[in-house]
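What follows is one structure encoded as C-alpha cells, with my remarks underneath.
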Amino acid sequence: MSPHRIFFYSAILFLTGVFLKSIELSSFILIISGVISFGILIYSFLRKRYKLLPFILLPVFIITGAVYYQWDHSNLLTKFLTSGSFNEDSIVVSNPKKEEGIQEFYIKPKNKDSKIIVQTRAYPLVEYGDEVKIEGDIQTVEGSSGYENFLHKNGVVARMYFPEKLEVIDKNKASNVKFFLYKIRNKSELIFQKLLPPLKSALINGLTLGGYSGFGDEFRDDMKKSGTTHLVALSGYNISILVWVCMAFFLYFFKRRTSIIITLFIIAGFVVMTGAESSVIRAAIMGSLVVAASYFGRLYDLKNSVVFAALIMVIFNPKVLVFDVGFQLSFLALLGIVYLKPHLDSLLGFKDQGFMAWKENLTVTTAAQIAVFPILMVNFEYFSLSSLIANVAILELIPITMALGFLILLLYIVSYPISLMLSWVVGIFLSIEIAIIKLFSSLSIPIVFNMNWVVVSIYYIVLILLIYFMDRRAYV
Amino acid sequence: MFKKITEQLNKRSILIFIIFLSIAGFVFVYNIFTKEYSNELYFIDVGQGDSELLNIDGIQILVDGGPPNGKLIHELSNILPFHDRYIDLVVITHPQLDHFGGLIELSKRYKIGLVLYTGVKSSSQAAQDLESYLKDENIQGLKIAKGDIIKYKDLTIRVILPDKETIKYEDLNDSSIVFLAEIGSVKALLTGDIGEEVERKIIDEIDTVDILKVAHHGSKYSSNIDFLRSISPDVSFIQVGKNSYGHPSEDTLNRLGSVGSQIFRTDIHGTIKAEIENDTIKVFTKKK
Chain A
1 MSPHRIFFYS AILFLTGVFL KSIELSSFIL IISGVISFGI LIYSFLRKRY KLLPFILLPV
61 FIITGAVYYQ WDHSNLLTKF LTSGSFNEDS IVVSNPKKEE GIQEFYIKPK NKDSKIIVQT
121 RAYPLVEYGD EVKIEGDIQT VEGSSGYENF LHKNGVVARM YFPEKLEVID KNKASNVKFF
181 LYKIRNKSEL IFQKLLPPLK SALINGLTLG GYSGFGDEFR DDMKKSGTTH LVALSGYNIS
241 ILVWVCMAFF LYFFKRRTSI IITLFIIAGF VVMTGAESSV IRAAIMGSLV VAASYFGRLY
301 DLKNSVVFAA LIMVIFNPKV LVFDVGFQLS FLALLGIVYL KPHLDSLLGF KDQGFMAWKE
361 NLTVTTAAQI AVFPILMVNF EYFSLSSLIA NVAILELIPI TMALGFLILL LYIVSYPISL
421 MLSWVVGIFL SIEIAIIKLF SSLSIPIVFN MNWVVVSIYY IVLILLIYFM DRRAYV
Chain B
1 MFKKITEQLN KRSILIFIIF LSIAGFVFVY NIFTKEYSNE LYFIDVGQGD SELLNIDGIQ
61 ILVDGGPPNG KLIHELSNIL PFHDRYIDLV VITHPQLDHF GGLIELSKRY KIGLVLYTGV
121 KSSSQAAQDL ESYLKDENIQ GLKIAKGDII KYKDLTIRVI LPDKETIKYE DLNDSSIVFL
181 AEIGSVKALL TGDIGEEVER KIIDEIDTVD ILKVAHHGSK YSSNIDFLRS ISPDVSFIQV
241 GKNSYGHPSE DTLNRLGSVG SQIFRTDIHG TIKAEIENDT IKVFTKKK
C-alpha cells in the first residue's frame, strides 16, 4: 500500500476511535478492530497478498483515537468546578455576545484554568480581556445534553446566570492580538449598525463576518424555516470573497507578491477575529494544502486533504468531531458537493450554469443538503423542502453583498458619506434577500422526523454505497 | 489569476455599480429637495418604559429611550426612513433605566445632535456608561429647566419642570422634565414620571391640552383627578409593558375616562402614531 493510502486509512481509523469514544460506544471499538484485523487476515490469505499482513495492526489507530479522546476529556475533568458560590477576580476570555438586553461571555478565574460561561444584563458592558470582580452562583456543566457537550467542547465547565456583582477593574489582560482583532470586529459590526437599520445591519454583519446576533427571534426562525441559516455561518466562501476584495484593492498599490502577503495576514486576522470557527479553519487548512501541493509540484488528493484537515482539527480538540455541528456540516457539505454534484449534473442533464447560475446553485445546494440532511434533523429537528428553492433564489446575490460589505468597511475609514451611499446600494440587495428569506419561511414545507444515530448511520452507508456505484457506472 | 478575474468582473461590475450609484444619488437628491413633512407624535412601544418621538417638519426629537431591551432601535427603524440616521434632539426626562436604557444603543447607531437633560446625577453604572458613550461620540449635553423654550417653525416647546424645588427632590421621578409641545394649535403635555404632588404644583401653569402622555406609566400615584380636570386632555397615551407594579392602575384609567379622554396604551396597541394636521389629530395604532 502506498504511503498516501496508509495515511488515509490510519487517519480514518483514528477519527473512528475518537468518534466511538465520544458517543460512548467503547465496546464497538473492540468489535470493529477485531473485524478489520480479521478481515485483513482472511483477505491476505485468500488473495495470497502476504505483504498486507502487517496491516492487521491498523486497528491500533482506532484505539489510539479513543485513548486520545479520553485523555483530553480527563484533562477537562481536572478543571471542573463544584456548584456553589463563586467570588474571584477573573479575566474575560471571549468576545462577548450581546442579544436583546443580555450579554454572554466566558471568564477564567485568575488562579485556575477553568472557563465559566456568564450570562448577565446588558450593562455594564464587558470587553474581551477585561479583568472583572465577579460574584454569584455557579453550576457545574455536567455534559448531559447536547448544549452542555458543546460547552465542554469550548472548554467551559461551569455556568453563571446573572451574577450579583460584576465590576470591570482593568482592561486588556488577555491576548493583545485577540484584543486588537476583536476591537476591529466589533467596530465593523458597529459601522454596519450606524449605516443600516437593525435587520439589514444584522444580515450584512452575519454574511461578511459571521454570527447570529441582532436578528431577533422572529427572523432567526425565518432563516431556520427557509433553510438559509448557513448563509451567516462562516465558510471558505467568505475567505474567497475577502481574498478577492483584498487582492483587487491592494494590487492597485502593491506588486503581486506583496499583495499576497498582506492578504494572507488579513485572512489570518479575519479567522481569529471571527472566532476561529470550524468551517473557516477547515477551508483554511484545505486551501493551504492546495497551495502547498502546487508549490511542491505534488498531486492534490481531495480525500486525503479532507481527512488531513479533519485530523488536524480533531487533534487540536477531539470534542469537535461529535459536538461541533459546524464541523460536521462543513465537512459533509463539502463532501456532498464534491461527490454528489457531478452525478446530479448528469442526471438532470445540466451542461451550463444557467441564468444567474440557477442550475449550478440548484445542484450545489441539493448535493450539500442531501449530505447534511441527517445532521440537520438530529440537531435542529427541522428540514424544509422549500429550502432548495430558497437557496437557489438567494445564492447568486450573496457574493456581491459580501463584497460590498467588505468594501463598505474599508471605505468607512476613508469617507463616511461614500460608505453611507454604498450602504443604500447594498441595502437594496439586503431587502431582496430578507424578502426571499421571509417568503420561503412562510412557504416552508417541513419534514419532521425522529432521527437517531442508527438511522443516521444507515443513511450514510446507503449514500456512500450509492455514490460508489454511480462512480463505477460513470467510468464504465 | 486575480488580474484576470478582476478584469472579467470589472466591466460588468463597474456598469452595475454606476447604475446603482445613480439610483442612490437620485434617492439622495429627491429626499433633500422634494420632501413634504408631516407632523407626527409617536408613542413608541418599548415595553415597560417611556419613549416618545416628535417628528415635526423634518426634525426628530426623541424623549426618553425606554429600557435596554433593543426595542427602541427596532421600532425606530420602522418609523424613520432608511437614510435618516440623525436624531436632532434627545431629551432624557430623568436618569432611570426604563427611560434612558435604550439610548446607549441609540447613540451607537444614530448620530445625535444634542442631549437635553436635568443635570440630576444618578450613581448607577448604567447612567455612567451612558455618559461615557455620549462623550465618546462627542455628543453635547445641555441642561434645561423651567422657563426654557425651544422653537422650530410651527413647533414650540415650553419646559415646565424641573424648577428650583423639584430638581432637589430625592425621588428621581419627581425631578422629571415636563414640557408642553405646541404644534400649530395642538398642545401635547409630556410628563415623565412625576407624582401627584408635583402635578398639583403645576396645575396653574398649564391650560387645557389636547394630548397627554400619562405620567409614570399610569401609576395610581400620578394622574391626580384635579390635575386631569384642569388640563382636560382629549387623548391620553400610556406607555407601559409587562410589569409587577400594577401599571396602569384601574383608578388612573377611570379618572382619565371620567374627564372624557380617549385612552391608548402601548401594551395593547403597540407603537402609536398621532398625526397632527392643522387642528386635527389622527391616531394610528400598530395593533388593534
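As given, the protein sequences belong to chains A and B, one line each in that order.
Residues 1 to 476 in the working numbering are what the first sequence lists, from first letter to last.
Residues 1 to 288 in the working numbering are what the second sequence lists, from first letter to last.
Even glycine gets a Cβ: it sits at the ideal position worked out from N, Cα and C.
Query, Result
"Alpha helix (DSSP H) segment containing S346 (chain A), residue limits", "325-348"
"Cβ-Cβ separation, V245 (chain A) to L407 (chain A) (assumed contact under 8 Å), whole Å", "6 Å"
"Enclosing alpha helix (DSSP H) for R255 (chain B) [first to last residue]", "250-258"
"Buried versus exposed, by CB contacts within 10 Å (16 or more), Y43 (chain A)", "exposed"
"Touching by the beta-carbon criterion (3+ pairs, under 8 Å), the stretch 441-461 of chain A and the stretch 391-400 of chain A", "no"
"For R159 (chain A): DSSP bridge partner residues", "A:I117, A:Q139"
"Min CB distance E100 (chain A) to chain B below 8 Å", "yes"
"Under 9 Å from the C-beta of W358 (chain A): neighbouring residues of chain B", "Near W358 (chain A) there are no residues of chain B at all, since even the closest Cβ is about 18 Å away, more than 9 Å."
"Extent of the continuous alpha helix (DSSP H) to which P59 (chain A) belongs", "First-last for P59 (chain A): undefined, no H or E at that position."
"Closest residue to S330 (chain A) among A:L77, A:K178, A:Q353, A:I281 (Cα-Cα distance)", "A:I281"
"Start and end residues, alpha helix (DSSP H) containing I202 (chain B)", "196-202"
"4 or more residues per run - each alpha helix (DSSP H) lying fully within the stretch 129-212 of chain B", "196-202"
"Members of the stretch 64-78 of chain B near chain A, C-beta cut-off 9 Å", "P67, P68, N69, G70, K71, I73, H74, L76, S77, N78"
"F45 (chain A) versus I458 (chain A): straight-line alpha-carbon distance, rounded", "30 Å"
"Cα-Cα separation between K483 (chain A) and S94 (chain A), rounded to whole angstroms", "This structure gives no information on residue 483 (chain A), because the portion of chain A shown stretches from 1 to 476."
"Coarse secondary structure for G49 (chain B), derived from DSSP in three states", "coil"
"Proximal residues to F284 (chain B) (C-beta, below 6 Å), its chain only, five neighbours per side dropped", "K273"
"Minimum C-alpha distance to N55 (chain B) - residue among B:F227, B:I14, B:P81", "B:P81"
"Limits of the alpha helix (DSSP H) - the one that S219 (chain B) falls within", "Neither: S219 (chain B) is in no alpha helix (DSSP H) and is coded neither H nor E."
"Closer than 8 Å to chain B by CB, L125 (chain A)", "yes"
"Cβ pair E277 (chain A), L234 (chain A) closer than 8 Å", "yes"
"Contact with chain B by L46 (chain A), beta-carbon distance below 8 Å", "no"
"Under 8 Å between C-beta atoms of K79 (chain A) and S22 (chain A)", "no"
"Range covered by the beta strand (DSSP E) that runs through G340 (chain B)", "For residue 340 (chain B) there is no data in the structure shown, the boundaries of chain B being 1 and 288."
"Near-chain A residues of the stretch 103-121 of chain B (beta-carbon distance less than 9 Å), N- to C-terminal order", "I104, E105, K108, R109, Y110, K111"
"C-alpha gap between E131 (chain A) and V27 (chain B), whole angstroms", "48 Å"
"Beta-carbon neighbours of M421 (chain A), restricted to chain B and to distances below 8 Å", "L21, A24, G25, F28"
"Anticipated Cβ contact below 8 Å, G270 (chain B) with K282 (chain B), distance rounded", "G270 (chain B) to K282 (chain B), Cβ: 16 Å. No contact."
"A122 (chain A) classed as buried or exposed, judged by whether at least 16 other C-beta atoms fall within 10 angstroms", "buried"
"Cross-chain neighbours of G427 (chain A) in chain B, by beta carbon under 7 Å", "F82"
"First through last residue of the beta strand (DSSP E) which encompasses P109 (chain A)", "102-109"
"R291 (chain B) at chain A interface by Cβ criterion, 8 Å", "Residue 291 (chain B) is absent from the structure shown; chain B starts at 1 and stops at 288."
"is_contact[K194 (chain A), chain B] using C-beta, thresh 8 Å", "yes"
"Closer than 8 Å at the beta carbon, the chain A residues around D129 (chain B)", "Y123, P124, L125"
"Residue interval of the alpha helix (DSSP H) (run including F150 (chain A))", "146-153"
"Residues from the stretch 182-206 of chain A in contact with chain B, defined by Cβ distance under 9 Å", "L190, Q193, K194, L195, L196, P197, P198, L199, K200, S201"
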